[in-house]
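Here is the structure we will look at.
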Amino acid sequence: MWSLKPGIHPTYQRATVQCACGNSFVTRSTVPLIHVEVCAKCHPYFTGKQKLVDTAGRVERFRQKYGASTPPLGDKATG
Ligand SMILES: [Zn+2]
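Residue numbers for the sequence shown follow the numbering used here, so the first one is 14 and each next one is one higher.
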């Protein structure tokens, strides 16, 4: 006779959530480590700031493209 083995269902354990903003907290999950890009600490909905949402650096590219803050360097600007 076969008996159901324990552990067939994923067991929820302590999981550390590591956010891209550097914040980390502990929750429960089936995996021990979770990587997220936005957490409750840095989410604009909670912070009210537009920050770290775009971790791929598209904001930086946008700035460079439109020259909002940094002047273009390295180009043949002077002739
Ligand atoms: Zn975060």
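The beta carbon of each residue, even a glycine, is placed where N, CA and C say it ideally should be.
Given 8 Å as the limit, tell me if Ala28 has its C-beta closer than that to any heavy atom belonging to ligand 1.
no
What I want to know is whether the C-beta of Gly35 ends up closer than 8 Å to one or more non-hydrogen atoms of ligand 3.
In terms of ligand content, the structure shown lacks ligand 3 and carries ligand 1 instead.
Please confirm whether any heavy atom of ligand 1 lies closer than 8 Å to the CB of His56.
yes
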